[in-house]
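By the count of my numbering, the sequence shown reaches residue 321 at its end, each step adding exactly one.
Think of the CB as a built atom: it goes at the ideal place given N, C-alpha and C, for glycine as much as any other residue.
What follows is a single structure, written as structure tokens, with notes after it.
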Amino acid sequence: MNLNQAKSPKKLPVNSGFNKVRKNFLKNWQLYAFLLPALSYFIIFHYIPMYGVQIAFKNFIANKGIWGSPWIGFDHFTRFFDSYYFWRLIKNTLILSLYQLLLFPLPIILALSLNELKNGAFKKWAQTLTYAPHFISVVVVVGMIVIFLDPINGLVNQLIVLFGGEQIRFLDSPKWFRHIFVWSGVWQSLGWGSIIYLAALAGVNPELHEAAEIDGASRMQRILHINIPSILPTIVVLFILNIGSFMSVGFEKVLLMQNSLNLETSDVIQTYVYQAGLLEGQYGFAAAIGLFDSLINIALLITFNYVARKTSNNSLW
Numbered sequence: 005m006n007l008n009q010a011k012s013p014k015k016l017p018v019n020s021g022f023n024k025v026r027k028n029f030l031k032n033w034q035l036y037a038f039l040l041p042a043l044s045y046f047i048i049f050h051y052i053p054m055y056g057v058q059i060a061f062k063n064f065i066a067n068k069g070i071w072g073s074p075w076i077g078f079d080h081f082t083r084f085f086d087s088y089y090f091w092r093l094i095k096n097t098l099i100l101s102l103y104q105l106l107l108f109p110l111p112i113i114l115a116l117s118l119n120e121l122k123n124g125a126f127k128k129w130a131q132t133l134t135y136a137p138h139f140i141s142v143v144v145v146v147g148m149i150v151i152f153l154d155p156i157n158g159l160v161n162q163l164i165v166l167f168g169g170e171q172i173r174f175l176d177s178p179k180w181f182r183h184i185f186v187w188s189g190v191w192q193s194l195g196w197g198s199i200i201y202l203a204a205l206a207g208v209n210p211e212l213h214e215a216a217e218i219d220g221a222s223r224m225q226r227i228l229h230i231n232i233p234s235i236l237p238t239i240v241v242l243f244i245l246n247i248g249s250f251m252s253v254g255f256e257k258v259l260l261m262q263n264s265l266n267l268e269t270s271d272v273i274q275t276y277v278y279q280a281g282l283l284e285g286q287y288g289f290a291a292a293i294g295l296f297d298s299l300i301n302i303a304l305l306i307t308f309n310y311v312a313r314k315t316s317n318n319s320l321w
């Protein structure tokens with residue numbers, strides 16, 4: 005054996021998949037090291053706690069622990085499906101989710117509008133004005149809603165009375181709850197939601213617009229035939245992400261706005277889980293309801309991702 009042969013690395017079998025992976029890992033170990041903190045976070049805080057989901061199928065007894073509690077199969081799910089509140093919870097959750105989903109195009113419209121502004125100073129001012137509400141906490145937003153809609157001293161009711169109307173008890177009325185919840189959410193998140201679309205619009209090739217202008221295309225035609233098709237992959241991906249949390253309406257805000265008078269429309273699955281699990285100590289029952297809610301979200305996510313991939317070649321995976 006000569007010196008060059010002794011120093012040369014051991015050759016790996018070409019067709020060995022494991023050796024290919026190991027070789028790739030050793031070659032790019034620095035890149036994998038960057039992934040380690042993120043992977044550790046998800047494994048420790050998102051995957052390991054999943055073992056607790058089994059209490060949805062158990063009669064959980066605290067002093068016996070999760071492993072020691074007896075199995076009861078789907079009893080918690082059956083109890084929830086047969087409960088008096090089941091259809092009201094499903095109806096309220098679906099209506100709120102659909103209401104929010106119908107307003108999904110608003111950030112796109114705002115981004116397209118901001119993108120067309122030629123006055124740079126006004127554009128920055130408008131962006132700042134629309135982004136600012138995003139940084140207000142949900143508690144403060146609900147506090148503002150309560151103050152503005154107060155039936156006696158609230159600004160809104162005072163304006164109604166000033167123009168000859170009668171005071172309205174907005175927060176005590178079930179028919180107003182959904183509108184207040186959804187539109188206050190739009191006010192808070194509209195500007196922030198448009199950021200990604202603005203970033204996507206910044207990547208549109210300006211030569212396309214120049215060519216369209218030479219051909220006599222109007223501004224609206226360029227928006228419809230250049231800007232929107234260019235950001236369509238971004239729209240599809242964000243729409244799928246929204247669908248993935250379709251049944252997860254803003255729990256904290258619903259809970260803060262909820263009272264016994266508007267319970268007819270404000271009682272949703274998440275608030276019921278909170279009540280059953282934390283307030284009443286029915287941990288297994290609450291876990292079963294939460295698992296049911298999550299399974300619907302996963303099913304919707306997979307379905308819409310499949311449909312998007314087949315129809316537009318844009319999808320999450």
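Through-space distance from residue j to residue i, alpha-carbon basis
i    : j    : result
A37  : S319 : 28 Å
L282 : Q274 : 12 Å
G77  : G285 : 19 Å
G72  : Y55  : 13 Å
G158 : V258 : 21 Å
I229 : Y135 : The displayed chain sequence assigns His, not Ile, to residue 229. Approximately 28 Å between the Cα atoms of the pair.
L35  : K24  : 16 Å
A125 : L133 : 12 Å
N8   : F243 : Note on N8: pLDDT 49, under 50, position unreliable in the model; no value is reported.
R26  : K128 : 50 Å
G189 : I112 : 16 Å
W321 : N67  : 43 Å
N309 : Q171 : 46 Å
I48  : L39  : 14 Å
N123 : A130 : 11 Å
A292 : N63  : 11 Å
F181 : F22  : 58 Å
F152 : S222 : 43 Å
N28  : S20  : 12 Å
I325 : A312 : Residue 325 falls outside the range modelled here, since the chain spans only 5 to 321, and no answer is possible.
G168 : V160 : 13 Å
P210 : I52  : 48 Å
N317 : P41  : 32 Å
L4   : M224 : The structure shown has nothing for residue 4, since the chain only spans 5 to 321.
S44  : H50  : 10 Å
W33  : D79  : 48 Å
Neighbourhood of residue i by C-beta, 7 Å cutoff - its chain only, sequence neighbours within 5 removed
i    : result
F58  : The sequence given here places Gln at residue 58; Phe does not occur at that position. I70, listed in sequence order.
L202 : A115, L118, N119
E256 : V142
A290 : V277, A280, G281
A10  : Legend: pLDDT at A10 = 48, less than 50; position of this residue unreliable, value from coordinates given subsequently. If we look at A10 and ignore the five residues flanking it on each side, it has no Cβ neighbours.
F46  : none
V208 : I230, N231, S234
H213 : R226, I230
I200 : T238, L242
Q192 : P137, H138, I140, V145
Whether residue i touches residue j by CB criterion (9 Å)
i    : j    : result
F61  : W75  : yes
P137 : L194 : yes
F185 : P155 : no
V370 : L93  : In the structure as shown, the chain starts at 5 and stops at 321, and residue 370 therefore has no counterpart that could be examined.
Given residue i as reference, the closest of the options once Cα atoms are compared
i    : options               : result
L287 : F81, Q34, N28         : It should be noted that the sequence gives Tyr, not Leu, for residue 287. Comparing Cα-Cα distances from Y287 to each of F81, Q34, N28, the minimum goes to F81.
H183 : R92, L30, N96, W33    : N96
L121 : D79, Q104, G169, L205 : L205
F139 : A42, W196, Q104       : W196
W187 : L43, Q104, S44        : Q104
Sequence-distant residues of its chain with Cβ nearer than 6 Å to residue i (five each side left out)
i    : result
D176 : L265
E268 : P178
Q2   : Because the chain here runs from 5 to 321, residue 2 falls outside it and cannot be looked at.
I300 : M251
Cut-off 8 Å between Cβ atoms - residues of its own chain near residue i, not counting five sequence neighbours on either side
i    : result
L106 : none
L260 : V142, V143, V146
S198 : P111, I112, L114, A115, L118, T134
Validate contact between the region 284-300 and the region 73-86 using beta carbons, cut 8 Å, 3 pairs: Contact holds: three or more Cβ-Cβ distances are below 8 Å.
Contact the region 244-253 vs the region 299-308: 3+ CB pairs below 8 Å: In short, these stretches touch, since the Cβ pair count reaches three.
Meets three-Cβ-pair contact criterion under 8 Å: the region 219-238 and the region 144-151: Result no; under three Cβ-Cβ pairs closer than 8 Å.
Cβ pair count under 8 Å reaching 3, the region 160-167 against the region 204-220: In short, these stretches do not touch, since the Cβ pair count stays below three.
contact_flag[the region 96-109, the region 251-265] where n(CB pairs < 8 Å) is 3 or more: Because the criterion of three Cβ pairs below 8 Å is met, the region 96-109 and the region 251-265 touch.
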